[in-house]
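Be aware that the sequence shown starts at 1, since it is given in my numbering, and climbs by one per residue.
C-beta: ideal position from N, C-alpha, C; glycine also.
Before any comments, here is the structure.
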Amino acid sequence: MSARRAKSLGWRKKWKTRMKRLLQLLVEPSIEVSDQRSEIRMRFIAGLSLVAIPMFILLQPFSSLFSNRVPELYILAALVLVGYILSRAGKLKAASSFLVIIWTIFPYAALLEKGFWSYSTVPVMMLWIPSAMLITTYLLNMQIGLVLIILQDAVFGVTVLLHPGVPSYTPNSFVVLVAPAWALSVLIYAGSWARQHYMELLRQKNLRIANVRKEIEAYTSLLVHDIKNDLQVAEGSIELAKEEELNSKTEDFIESTNAALERIGRLVKTLSDRPDWISKRIGEVLPTVVEHAERVHPNLTISLTIDEECKNLITTNRFFPLIFENLFRNASQHAGMSPKVDVEIEQSNGFLVAEVSDDGPGLPPEVKNSLFQKGTKNGTDFSMGLYLVHRILELAEGTIEYRERKPTGATFRIEIPVSNL
Numbered sequence: 001m002s003a004r005r006a007k008s009l010g011w012r013k014k015w016k017t018r019m020k021r022l023l024q025l026l027v028e029p030s031i032e033v034s035d036q037r038s039e040i041r042m043r044f045i046a047g048l049s050l051v052a053i054p055m056f057i058l059l060q061p062f063s064s065l066f067s068n069r070v071p072e073l074y075i076l077a078a079l080v081l082v083g084y085i086l087s088r089a090g091k092l093k094a095a096s097s098f099l100v101i102i103w104t105i106f107p108y109a110a111l112l113e114k115g116f117w118s119y120s121t122v123p124v125m126m127l128w129i130p131s132a133m134l135i136t137t138y139l140l141n142m143q144i145g146l147v148l149i150i151l152q153d154a155v156f157g158v159t160v161l162l163h164p165g166v167p168s169y170t171p172n173s174f175v176v177l178v179a180p181a182w183a184l185s186v187l188i189y190a191g192s193w194a195r196q197h198y199m200e201l202l203r204q205k206n207l208r209i210a211n212v213r214k215e216i217e218a219y220t221s222l223l224v225h226d227i228k229n230d231l232q233v234a235e236g237s238i239e240l241a242k243e244e245e246l247n248s249k250t251e252d253f254i255e256s257t258n259a260a261l262e263r264i265g266r267l268v269k270t271l272s273d274r275p276d277w278i279s280k281r282i283g284e285v286l287p288t289v290v291e292h293a294e295r296v297h298p299n300l301t302i303s304l305t306i307d308e309e310c311k312n313l314i315t316t317n318r319f320f321p322l323i324f325e326n327l328f329r330n331a332s333q334h335a336g337m338s339p340k341v342d343v344e345i346e347q348s349n350g351f352l353v354a355e356v357s358d359d360g361p362g363l364p365p366e367v368k369n370s371l372f373q374k375g376t377k378n379g380t381d382f383s384m385g386l387y388l389v390h391r392i393l394e395l396a397e398g399t400i401e402y403r404e405r406k407p408t409g410a411t412f413r414i415e416i417p418v419s420n421l
């Protein structure tokens, strides 16, 4: 390849790159937008402006929509530019309303200023009305768009039929001119409705995918953490059982091991597609969780109090029991040799409120600020269980907070919307 040709190709590539960047600068949203709908509206306004403004400027010398003393298309180009500037400044609603208004009233402004539509003007206006419909359905919501479309079609039909400044048409010629405009309006509205409907379905699907990804992350961490802890209990109990005679103490070790292994089985069921406990009453789920926790952790004593109005609440959240299981395990490991845990369940202002309190020494000051963060201390899973509890509650739009218990101990207050149980 010659140096001259290489230089020419390099120049073309640079020119294309610069034009692409310029187009992106003009079309892409200039501000942070909160939703996909707003982003589409901003891009539509930018695209409309880039097409309409040069087109109106080029067509002005050939236009006869207004009288000769009014450069109507220059004015319209300037108004579209105003709408574009408003959208780039973040005034999206104002820009949308402004463009819909000027596009809708333009044909009638021409009729008012000039006093009549010529035979050649009416077909132009017949196409202008559907273009106004298209802009309306893109920039406003579908309900407002439907009302405006009906009004625009009705006004256009009445104007063509009755206004003295519009050429007289026979019924047949009237139908030939107006019916296509109405048909195009209906098609545009139907297409816009279908587009928005499928966009909403896509948005909901993407939201579900994002939630599933978050849940998968929580499931994986939960699975690794809980199975590792329960296996440690099982392995430790088995090792101790090997060193003892078959007496009551050995039986306690074996019982603890069996309970831990049962919990592993329940955890696997919880993470499966169809856990066997799903859609059960709070008054059934929590006593079972307490019973298993006391079997897995023989040093732990749990007192459970559930208000009567809460006992019949239904939970379909497969992770609901795991919230309490992790808190009970933390109490067993960090609240002393023989910790006692009090659990109180009540309902308040549409929330299930649970307070889990132990009589241990409480939490060290250095861990309080990072209590629910994912991390380790001295190579051990000090706060992993609390982090997982926090993540589970976050997915259910719930909260957890730590409070010191007087004179000693720790209290965790949990709030979950009843609708998300």
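Looking at C-alpha atoms only, which residue of the options is the closest neighbour of residue i?
i: E294; options: A396, F324 and C310; result: F324
i: I302; options: I101, I150 and N330; result: N330
i: T305; options: P164, A354, V80 and Y74; result: A354
i: L161; options: G145, L127 and V178; result: V178
i: I392; options: S357, E344, L327 and P407; result: L327
i: G47; options: Y84, E309, T408 and D358; result: Y84
i: I416; options: A109, S338, D342 and N317; result: N317
i: Y189; options: V158, S38, Q36 and L134; result: L134
i: L371; options: S357, V389, G360 and D359; result: V389
i: T288; options: A259, E308 and D307; result: A259
i: I282; options: D307, Q152, H292 and P164; result: D307
i: W103; options: N349, I414, I149 and H297; result: I149
i: S256; options: K205, H297 and P407; result: H297
i: V186; options: A132, L207 and T159; result: A132
i: I264; options: G236, N229 and K280; result: N229
i: L99; options: A110, V82 and A109; result: V82
i: S348; options: V418, P339, S63 and F412; result: V418
i: V70; options: A234, W193, E113 and T315; result: E113
i: E401; options: F412, C310 and V124; result: F412
i: T315; options: G360, E344, K280 and Y108; result: K280
i: L184; options: A210, G236, M125 and I57; result: M125
i: S63; options: A110, A234 and R43; result: A110
i: Q152; options: A194, L59, R195 and Y108; result: Y108
i: L207; options: M55, Q36 and R43; result: Q36
i: W128; options: W193, A52 and P61; result: A52
i: I105; options: A194, I57 and T159; result: T159
i: S332; options: R43, V233 and V367; result: V233
i: L352; options: I57, I414, F56 and Q196; result: I414
I think residue i touches residue j, with their Cβ atoms under 8 Å apart; what is that distance to the nearest whole Å?
i: A410; j: G336; result: Wrong, their Cβ atoms sit about 11 Å apart, outside the cutoff.
i: G398; j: N369; result: Going by Cβ atoms, the distance from G398 to N369 rounds to 21 Å, so no, they are not a contact pair.
i: P321; j: V285; result: 6 Å
i: V341; j: L300; result: 7 Å
i: S49; j: V80; result: 5 Å
i: S338; j: R405; result: That pair is no contact at about 17 Å.
i: L386; j: K214; result: No, L386 and K214 are not in contact; Cβ-Cβ is about 18 Å, not under 8 Å.
i: S87; j: I45; result: 4 Å
i: A181; j: P130; result: 6 Å
i: C310; j: E346; result: 6 Å
i: G350; j: H334; result: Actually they do not touch by this definition, with Cβ atoms about 33 Å apart.
i: T121; j: L59; result: That pair is no contact at about 14 Å.
Let's see if you can read the secondary structure: which residues bound the beta strand (DSSP E) around residue i?
i: L304; result: T301 to I306
i: P417; result: A410 to P417
i: E401; result: T399 to E404
Where do the N-terminal and C-terminal ends of the alpha helix (DSSP H) with residue i fall, by residue?
i: R37; result: Q36 to L59
i: R439; result: Nothing can be reported for residue 439, as the shown portion of the chain is limited to 1 through 421.
Is residue i near the ligand SAM, judged by its Cβ being under 8 Å from some heavy atom?
i: I416; result: Only the bare structure without any ligand can be found here, which leaves the ligand SAM out of the picture.
| task | Ignoring anything shorter than 4 residues or poking outside the stretch 323-375, list the alpha helix (DSSP H) runs there in chain order. | result | Inside the stretch 323-375, DSSP marks whole alpha helix (DSSP H) runs of 4 or more residues at positions 365-368, from first to last along the chain.
| message | With a threshold of 8 Å, are at least 3 pairs of Cβ atoms found where one atom belongs to the stretch 115-126 and the other to the stretch 70-89? | response | no
| Cβ contact (3+ pairs, closer than 8 Å) linking the stretch 200-208 and the stretch 133-145 | Short answer: they don't touch.
| said: Three or more C-beta pairs under 8 Å: does that hold for the stretch 132-141 against the stretch 92-100? | reply: yes
| query | Quick one: complete beta strand (DSSP E) runs, 3+ long, within the stretch 86-165? | reply | Not a single unbroken stretch of the beta strand (DSSP E) spanning 3 or more residues falls wholly within the stretch 86-165.
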